[in-house]
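Heads up, the thing below is written out as structure tokens.
Numbering (mature numbering (1 follows the signal peptide of the UniProt record, and there is no 0)), first residue to last: -23 to -1, 1 to 135.
This is the structure in structure tokens:
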């Protein structure tokens, strides 16, 4: 990172910490709720993992952490309502491989629930993509963080 970029990032963080957003007034309007979380399916967004992370942060949210089969199934049903049985769509999650273990990057907690595609993870990537398929469900795949073109699912706790 160049010195100019470092200074800019430092100033952004400093301003953000000095002027926190009051409440959730900057959240998108079309959130869906499950348990103690709300979700935003950012299907207009397309980018790499780092851009998805920043996009969710710009909405005062985090990339999604799927911590149970019920949560995975809920998101699948909501996507099925939106996309039907059409083509596959890929979405970034907060899942990341760190020191040979998978964690949710936004919390640092180890991932205990998985829904990998067969033969995954295959050691070709350090981030978790979830792939929506209207006929087979919402499955996960390891992918390089710099892969461009995926959507994002953002999450915030209630």
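Every residue, glycine too, gets a C-beta built ideally from N, C-alpha and C. Only a predicted model underlies this, so the values are computations on that prediction, with no experimental measurement involved.
Hey, how far is the Cα of residue i from the Cα of residue j?
i: residue -1; j: residue 8; result: Per-residue confidence for residue -1 stands at a pLDDT of 48, beneath the threshold of 50, marking its modelled position as unreliable; no derived number is given.
i: residue 124; j: residue 12; result: 31 angstroms
i: residue 15; j: residue 135; result: 7 angstroms
i: residue 127; j: residue 20; result: 9 angstroms
i: residue 99; j: residue 119; result: 7 angstroms
i: residue 81; j: residue 48; result: 15 angstroms
i: residue -3; j: residue 95; result: Note on residue -3: pLDDT 38, under 50, position unreliable in the model; no value is reported.
i: residue 40; j: residue 104; result: 12 angstroms
i: residue 37; j: residue 6; result: 13 angstroms
i: residue 77; j: residue 88; result: 12 angstroms
i: residue 46; j: residue 72; result: 15 angstroms
i: residue 112; j: residue 75; result: 32 angstroms
i: residue 28; j: residue 102; result: 17 angstroms
So what does DSSP say about residue i, is it helix, strand or coil?
i: residue 122; result: coil
i: residue -13; result: Its pLDDT being 36, under 50, residue -13 is placed unreliably by the model, and nothing is read from it.
i: residue 56; result: helix
i: residue 39; result: strand
i: residue 47; result: helix
i: residue 96; result: coil
i: residue 83; result: coil
i: residue 139; result: Since the first and last residues shown for the chain are -23 and 135, residue 139 lies out of range.
i: residue 112; result: coil
i: residue -8; result: Reliability fails at residue -8, whose pLDDT of 39 lies under 50, so the model's placement of it is uncertain and no value is given.
Locate the beta strand (DSSP E) running through residue i, then write down its first and last residues.
i: residue 25; result: Note, residue 25: premise wrong, no beta strand (DSSP E); not H, not E.
i: residue 75; result: 66 to 75
i: residue 10; result: 9 to 11
i: residue 127; result: 127 to 134
Using DSSP's beta-bridge definition, name the partner residues of residue i.
i: residue 31; result: BP columns for residue 31 are empty, so no partner.
i: residue 103; result: In DSSP, residue 103 forms no bridge with anything.
i: residue 18; result: 130
Measure the beta-carbon distance from residue i to residue j and round it to whole angstroms, keeping in mind my assumption that it falls under 8 angstroms.
i: residue 10; j: residue 42; result: 16 angstroms between Cβ atoms; not a contact.
i: residue 17; j: residue 131; result: 4 angstroms
i: residue 68; j: residue 109; result: 7 angstroms
i: residue 117; j: residue 106; result: 7 angstroms
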